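Line by line, the protein sequences give chains R and B. By numbering that gives the first Met the number 0, the letter at position 86 of the first sequence is numbered 85, and the numbering carries on one by one without gaps. By numbering that gives the first Met the number 0, the letter at position 895 of the second sequence is numbered 894, and the numbering carries on one by one without gaps. Every residue gets a Cβ at the ideal spot worked out from N, C-alpha and C, and that includes glycine. Keep in mind that this is a model prediction, so the values were computed, not measured. Encoded as structure tokens, the structure appears first; notes follow it.
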Amino acid sequence: MADKPSGLVQGTLDMLILKTLDLEAMHGYGIAMRIQQISKSVFQVNPGSLFPAFRRLERAGWLKSEWRNTENNRRAKYYLLTTQGRKQLRGEKREWAKQAAAIARILEAES
Amino acid sequence: MSLLRNLASGLRGLFRKAQVEREMDEELRGYLDTAVHDKMRGGMTRDEALRAARIEMGGAESVKEQIRAVSWESLIQTVWQDLKFGLRLLRFNTGFAAAAILSLALGIGANTAIFQLLDAVRLRTLPVKNPQELARVAIDHRKSASGHFTSRYSDLTYAMWQQIHSEQQGFSNSFAWGPTQFNISPAGEVRIVQGLWVSGGFFQTLGVEPALGSLLLPSDDQQECPSAGVILGYSYWQREYGGQRDVIGRKLTISRHPFPITGVAAPDFYGVEVGRSFDVAVPLCAEPVVEGDESQLKSRIGWWLAAMGRLKPGWSVERAAAQLRAISPGIFQAALPTEFNASNAKHFLEYKLGASPAGSGISDLRQQFEDPLWLLLGLAGLVLLIASANLANLLLARASAREKEMGMRMAMGASRARLMRQLLAESLLLAAIGAAFGALLARNASEVLVVSLSTQHDPLFVDIGMDWRVLGFTAALAVLTCILFGVAPALRATSVAPGAVLKGSGSGGTQVRSRFGLRRILVVSQIALSLTLLVGALLFARSLNNLAKLDPGFRRDGIFVVDIDFTARHLPKEGRVAFSDELLRRVRTVAGVEAAATAAIVPLSGDGIGHDVLIGDTGEPEGEAPVAAFNYVSPGFFETLQTPFLAGHDFDEHDRTGAPNVAIVSEAFVKKLAFGKNPLAMTFRVRRMNRTSAPYQIVGVVKDTKYTDLREELGPIVYTPRAQNENPATDAQILIRSHAPLASLLSAIETMASQADPDADITFSNFHQMIDDGLLRDRLMAKLSGFFGVLAALLAAIGLYGVISYMVERRRNEIGIRMALGADQQSIIRLVLRETGLLLVIGLVTGVALALTTAKAAASMLFDLKPTDVLTYLLAALSLSVVAALASFLPARRAARLDPMAALRNE
């Protein structure tokens with residue numbers, strides 16, 4: 000087991016979920032696994048924060064959900080990105096890049 | 000957009016709750032299944048996979064709780080759930096609920112009732128158009144003035160009003176008014192209604208519309224108007240005329256003069272005086288017709304009017320006041336009474352007019368009762384605090400009983416905030432129900448208060464209603480008390496460690512000890528607050544007792560006052576004394592009358608006459624001449640009131656006009672004006688404005704008596720024979736001492752008077768009742784503070800009882816062991832009472848400190864009593880100690896009767 004995610008910056012989880020769904024619609028477990036895989040287990044998302052985030056994003060109008068059958072032929076709730084969600088993701092990515100670059104510059108200047 | 004979606008999704012959550020919950024369950028189950036499936040593919044057995052997945056996920060319930068927490072509608076749901084649950088709990092604990100709601104209802108009700116009165120007399124504005132534009136015109140800082148003062152608001156004379164009306168510039172409209180009482184009976188016994196003298200601009204300036212007919216106009220201000228139209232107040236019209244519309248044009252008799260009724264004022268308009276409501280308004284110009292010889296309008300020294308104006312747009316009260324100040328010299332020069340002597344005139348010409356905001360009306364009631372009401376509100380607030388402390392105590396006791404429940408729920412995943420919310424919802428429920436009952440109680444209580452402040456001769460009208468201020472006040476009280484009594488117990492109840500509670504039996508341990516400490520603190524503060532309230536109650540009760548026991552210098556009991564007004568006979572001055580002598584002679588023959596005499600001033604009626612006294616036959620005093628109070632009496636006055644003579648003798652029948660002037664003076668006169676010389680060898684003159692009388696010879700000295708008010712200091716009083724008065728009144732005010740039954744006495748006197756003069760107006764009053772009416776405020780304070788004091792002591796006793804019972808319960812084992820080891824009942828009782836004693840002593844010491852600082856607020860309302868009166872504090876502490884001893888004796892006895900074996904076996 001990897002270390003517990005030492006602290007997802009507030010709001011980052013929302014961005015990761017949006018990014019994950021940018022490729023295709025997925026269900027909750029799938030999203031959690033995808034985030035874990037791509038981050039090479041640096042981020043491990045537990046349902047206690049994942050599902051409230053779904054509800055929050057849905058309320059904000061960035062996600063919508065529908066019940067579909069999985070590859071194992073089970074019913075699961077799939078989440079899809081809305082147009083607004085896509086716009087939001089673009090904005091967040093830009094903002095993130097800006098902030099990450101700024102932080103990197105600060106860290107380099109100090110060393 | 001997103002707000003709409005949020006709302007829609009939230010509403011779906013509210014109304015299709017079951018479906019939303021089902022979907023949530025299914026989603027989470029799916030997540031778990033997939034996770035298990037995944038892990039099994041990774042090589043785990045089914046059991047291992049399930050276990051691992053469950054650990055990863057955490058409690059399903061707590062995840063669901065977190066999801067719900069995201070949405071607003073779940074808050075509504077949980078609050079609703081909490082309220083339902085709370086209601087159910089209260090239904091199961093009816094005893095607790097009833098006690099809590101009753102004490103809250105009493106506390107909140109008392110506060111609301113007093114606040115309602117304050118709101119009505121102090122905070123609310125007049126029910127007229129744009130009341131904030133109104134200002135009252137009066138003399139700034141008027142210390143003393145000479146003349147006749149006949150109304151509650153004797154701000155101005157008519158001459159001054161005329162000047163102000165024509166010279167002022169700050170007001171678009173202005174009016175003068177004066178409160179009075181009219182006799183509307185066409186004949187026989189007097190029928191009094193509450194009247195107003197008003198100038199023509201009264202209704203127009205205030206913007207009051209007629210309910211019927213038409214109201215007065217500025218053009219109605221005539222020189223004289225013997226047949227002017229009068230206006231009825233709406234409620235009087237409803238009461239006396241049943242709201243009949245044909246009342247317009249009918250005649251109303253005022254002092255035997257018929258006036259046509261021309262209009263009825265709008266329903267909610269009661270006048271500009273808060274606390275009183277007018278029945279009939281009559282134009283100023285009709286005053287000479289109604290009052291005849293005693294007209295104030297024609298006299299330049301009659302102070303009987305107050306004035307108000309509506310500010311012009313753009314004018315502030317300050318600017319209007321400045322303009323009035325600037326024109327003051329001219330106004331007072333023009334209105335200077337010719338009757339004044341040099342010193343009177345000097346004072347008069349120095350007056351400066353001013354203006355003050357009058358949007359909330361004018362009220363002597365406010366002056367008289369504002370401070371007492373704020374004080375009572377403070378006392379009622381303390382009672383509510385004590386009641387809150389009691390509730391907190393009860394809830395703390397319940398908190399220990401519910402420890403297991405809380406522990407269980409926390410173990411199942413409920414957050415502390417969630418449990419707090421539920422406990423506070425229960426408290427809020429109690430507070431809301433208590434406040435609702437309190438508001439109901441307050442409605443009746445404030446009406447009872449108003450009735451208790453009214454007297455037969457002075458009915459009060461206070462428009463008590465629920466407005467936003469009162470509602471807000473009650474709601475704020477409910478929330479505040481809820482926080483006061485709810486938060487600490489809720490914090491305590493949820494500060495449990497679930498594991499410990501579920502494991503242990505839940506009794507003992509440090510937590511319980513500290514919780515008990517809080518309860519002790521509550522009881523100590525209850526005792527301290529109760530002591531403060533009891534001290535207040537006793538102070539007011541003792542002050543009232545001082546007033547009631549006070550020797551005013553005459554007897555109060557068995558004295559009746561009959562006023563026979565024979566103005567209608569139009570007797571010349573010489574005839575009046577003879578006729579009133581005749582009336583007095585006849586009254587003395589009535590069966591049951593022990594003694595009778597006439598007096599111009601009935602002591603303590605509030606009326607008074609004051610004149611300068613010049614000692615000796617000639618000469619002017621250096622500086623200001625001393626002032627004495629005067630009364631014009633018939634022979635037998637002192638005998639009737641049983642005021643003893645200290646020297647000399649009473650007047651007799653020979654002391655009339657033509658005979659040498661004689662006077663009887665009071666002890667204080669001798670002390671202050673005669674400097675201890677033999678008064679019977681002394682003479683003095685009386686200066687009435689610019690006329691100085693011939694010398695008076697002092698023929699008697701009587702004991703000091705009170706004159707206008709029981710609270711005043713004893714001052715010099717001069718009595719002169721009524722028969723030597725230059726200006727005899729057209730009525731005979733006869734004081735009668737009698738022990739005969741009132742009804743038969745009154746009817747005998749009425750028959751006698753109507754035989755002597757069929758047209759006479761007759762008014763009766765009971766001397767004792769009149770004096771009592773003057774103590775209204777003192778009685779109100781004594782009664783209400785007494786009520787609060789007793790309530791507080793009772794609540795504190797209940798609190799103490801609860802804590803001591805709890806202590807006994809908690810120390811059962813210890814007490815059992817002590818008894819098993821040979822302690823007898825007495826020593827167990829002592830053990831318990833020692834606990835009470837400790838709490839009591841701390842409470843009393845704190846209470847005395849608190850009372851000493853707060854009692855200062857009452858100092859000005861106390862008569863002949865200091866707010867630090869030691870006996871009062873001792874009495875309060877003693878009575879509270881007795882109550883406390885009783886409250887803890889019951890649990891102590893229960894402890895002493897404990898069966899040691901049973902107590903020990905319990906563990």
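Given that a residue counts as buried once 16 or more other Cβ atoms are within 10 Å of its Cβ, and exposed if not, what is R123(B)?
That one is buried.
Would you say G90(R) faces chain B, with C-beta separation under 8 Å as the test?
Closer than 8 Å: no.
Can you list the residues of chain R that N110(B) reaches, using a CB-CB cut of under 7 Å?
Those within 7 Å of N110(B) in chain R number zero; the least Cβ separation is about 43 Å.
Would you say L640(B) and A624(B) are within 8 Å of each other, going by their C-beta atoms?
For L640(B) and A624(B), no; Cβs fall outside 8 Å.
On a Cα-Cα basis, can you pick out the residue from L533(B), F268(B) and F331(B) that is closest to F460(B)?
Selected option, being the one with the closest Cα: F268(B).
Taking the runs of the alpha helix (DSSP H) that are 4 residues or longer, which of them lie wholly in the region 27-102 of chain B?
If we require 4 residues or more, the alpha helix (DSSP H) runs fully inside the region 27-102 of chain B come out as 45-56, 59-69 and 71-91.
For R736(B), write down the residues that DSSP places opposite it in a beta bridge.
Its beta-bridge partners are I558(B) and A594(B).
Quick check on W912(B): does DSSP put it in helix, strand or coil?
Chain B is shown only over 0 to 906; residue 912(B) falls outside these bounds and no answer can be derived.
Give every residue of the same chain whose Cβ lies closer than 7 Å to the Cβ of L31(B), excluding the five residues on either side of it in the sequence, and list them in chain order.
Contacts found: A52 and M56.
Would you call the region 721-734 of chain B in contact with the region 554-563 of chain B, where contact means no fewer than 3 C-beta pairs closer than 8 Å?
With the cut-off at 8 Å, the region 721-734 of chain B and the region 554-563 of chain B touch.
Quick one: what's V197(B) bridged to in DSSP?
Looking at the DSSP assignment, V197(B) forms a beta bridge with W176(B) and P282(B).
Suppose contacts are defined by Cβ-Cβ distances below 8 Å. Is G194(B) in contact with S150(B) by that definition?
No, the Cβ-Cβ distance between G194(B) and S150(B) is not below 8 Å.
Can you name the residues of chain R whose CB is closer than 7 Å to the CB of T33(B)?
Going along chain R in sequence order, the residues near T33(B) (Cβ under 7 Å) are Y28.
Go to R686(B), then tell me how far its beta strand (DSSP E) extends in each direction, as first and last residue.
Taken as a continuous stretch (DSSP letters only), the beta strand (DSSP E) holding R686(B) covers T682 to R687.
Looking at the structure shown, is S506(B) part of a helix, part of a strand, or coil, going by DSSP?
At S506(B), the pLDDT of 47 sits below 50, so the modelled position is not reliable; the number obtained from the coordinates is stated separately. In the structure shown, S506(B) sits in coil (DSSP, three-state: anything other than H, G, I, E or B).
Report the three-state DSSP secondary structure of R721(B) (helix, strand or coil).
Reduced to three states, the DSSP call for R721(B) is helix.
State buried or exposed for R275(B), treating a residue as buried only when at least 16 other CB atoms are found within 10 Å of its CB.
Label assigned to R275(B): buried.
Just checking: is the beta-carbon of G84(R) within a distance shorter than 8 Å of some beta-carbon in chain B?
No, no contact with chain B.
What residue range is occupied by the uninterrupted beta strand (DSSP E) comprising G262(B)?
That run of the beta strand (DSSP E) goes H256 to A264.
Pull up the distance between the alpha-carbon of G12(B) and that of Q65(B), whole angstroms please.
In a straight line, the C-alpha of G12(B) is about 15 Å away from that of Q65(B).
Counting only C-beta atoms, is E47(B) closer than 8 Å to chain R at any point?
Not closer than 8 Å to any Cβ of chain R, the Cβ of E47(B) fails to qualify, so no.
Indicate whether at least one CB of chain B lies closer than 8 Å to the CB of A24(R).
False, the Cβ-Cβ gap to chain B never drops below 8 Å.
Can you confirm whether the region 710-717 of chain B touches the region 526-542 of chain B when touching is taken to mean that 3 or more C-beta pairs between the two stretches lie within less than 8 Å?
Not touching, per the Cβ criterion.
Starting from R223(B), follow the beta strand (DSSP E) in both directions and report where the run begins and ends.
Here the sequence assigns Glu to residue 223(B), which means Arg is not the residue at that position. No beta strand (DSSP E) holds E223(B); DSSP gives it neither H nor E.
When the distance is taken between beta carbons, is A264(B) closer than 8 Å to P217(B)?
It is not a contact, given that the beta carbons lie outside the stated cut-off.
How about G358(B): is its C-beta nearer than 8 Å to some C-beta of chain R?
Closer than 8 Å: no.
Looking at R401(B): is its Cβ nearer than 8 Å to the Cβ of A487(B)?
It is not a contact, given that the beta carbons lie outside the stated cut-off.
Whose CA, out of A101(R), R104(R) and E91(R), lies closest to the CA of M14(R)?
It is E91(R).
Just to confirm before moving on: does the CB-CB distance between T566(B) and A334(B) stay below 8 Å?
No; because the gap between Cβ atoms is not below 8 Å, this pair is not in contact.
Three-state secondary structure (DSSP) at W373(B)?
It is helical.
Rounded to whole angstroms, what is the Cα-Cα separation between A628(B) and H569(B)?
In a straight line, the C-alpha of A628(B) is about 29 Å away from that of H569(B).
According to the neighbour-count rule (16 or more other Cβ atoms, all chains shown, within 10 Å of its Cβ), is A693(B) buried or exposed?
So A693(B) counts as exposed.
For a test of the three-state rule: what should DSSP assign to H610(B), helix, strand or coil?
H610(B) falls in the strand class under three-state DSSP.
Compare the Cα-Cα distances from N71(R) to each of L101(B), G94(B), A96(B) and H36(B) and report the closest residue.
With distances taken between Cα atoms, N71(R) lies closest to H36(B).
Less than 8 Å between C-beta atoms, sequence neighbours within five positions excluded: which residues of the same chain meet that for P225(B)?
For P225(B), where only same-chain residues beyond five positions count, the Cβ hits under 8 Å are H256, A285 and V288.
For G507(B), count neighbouring C-beta atoms within 10 Å of its own C-beta (all shown protein chains included) and say buried if the count is 16 or more, exposed if not.
Any answer about G507(B) is weak, because its pLDDT of 43 lies below 50 and its placement is not dependable; what the coordinates show is given next. Classification of G507(B): exposed, given that the 10 Å Cβ count is below 16.
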